[in-house]
Structure formats: C-alpha cells, structure tokens
Amino acid sequence: MAREPKSLVITQLSAVGDNTLSYVVPAATVTSASLVLTNAASLINEVTVIINNGTSDFILARKKLPAGVGKSWRVLEMSDEKLSAGFFVKISLSAASPVNVFLSGSEFTGSDA
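Residue numbering for the sequence shown follows this note's numbering, starting at 92 and increasing by one per position.
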C-alpha cells in the first residue's frame, strides 16, 4: 500500500528515431505517470510518445513541438490509465535537435498495485 511520488527520468534527447527512457516500471508496481517535453532548440520537432508493455509498442501521442527554445508540451497525465510492471516509455524524434524530457509519477506497490 506504499505510494511514492518521484521524478522518474530527467534527460535531454536529440537522436532521430526511437529513444528509450531509462525508467521501467518495477515488478509488483503500478505507476501513474506525467510526461512533459520541452523544445530546447529553435527548430520544429515532431515527437511521438510510445508505451511498450514489454512486448509491443503503442503510440500514445504525436505532436509537433513548436519552434522556439522553451516551448513545452504536457504530453500525458496518466491518472486514470496506469503503467504496469515491465512497461517503459519511448520518445521518437523527427529531427536531431534537443528535446528536454521530464517523466514523473507516483509508484503504487503492494495491495494498491
């Protein structure tokens, strides 16, 4: 029944294509996540957010991040849908320009998971 809110991943991505975030939902845990992306360049970058359940990819959202340093996009607030054990997030970029990533969430373990 433990609930622990925390920062899960804070990083900057700039590689074109799929970039797997380092956070994988631990065993016997469910995570309610929030993801914010910020354009760190002055180029438009089309971003695709993908959830992987350990086997298959599922596209959650696709959007162009506007040009201009500091333009943010709150991609998802997963208060109703939760990531189960073994799930992870991938971010796909269309351009090799930097995007800041902040993934935060609350982990539920035990009888809440």
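Note that CB positions come from ideal geometry on N, CA and C, so glycine has one too.
Small disclaimer: the values here were computed from a predicted structure and weren't measured.
- For the options Tyr114, Ser133, Thr122, the alpha carbon positioned closest to that of Glu168 is the one of Thr122.
- Under DSSP, Pro96 forms a beta bridge with Ser197.
- Classified as buried, Ala124 has 16 or more neighbouring CB atoms from the shown chains inside 10 Å of its CB.
- By the C-beta density criterion, Glu198 is buried, having at least 16 other C-beta atoms within 10 angstroms.
- Across the structure, Gly201 and Thr120 are spaced so that their CA atoms are roughly 7 Å apart.
- The three-state reading of DSSP puts Lys173 in coil, since its state is none of H, G, I, E or B.
- Residues Val115, Val116, Ala118, Asn144, Gly145 of the same chain have their beta carbon placed closer than 8 Å to that of Gly177, with the five preceding and five following residues left out of the count.
- The residue from Val107, Leu126, Thr111 with its alpha-carbon nearest to that of Lys97 is Leu126.
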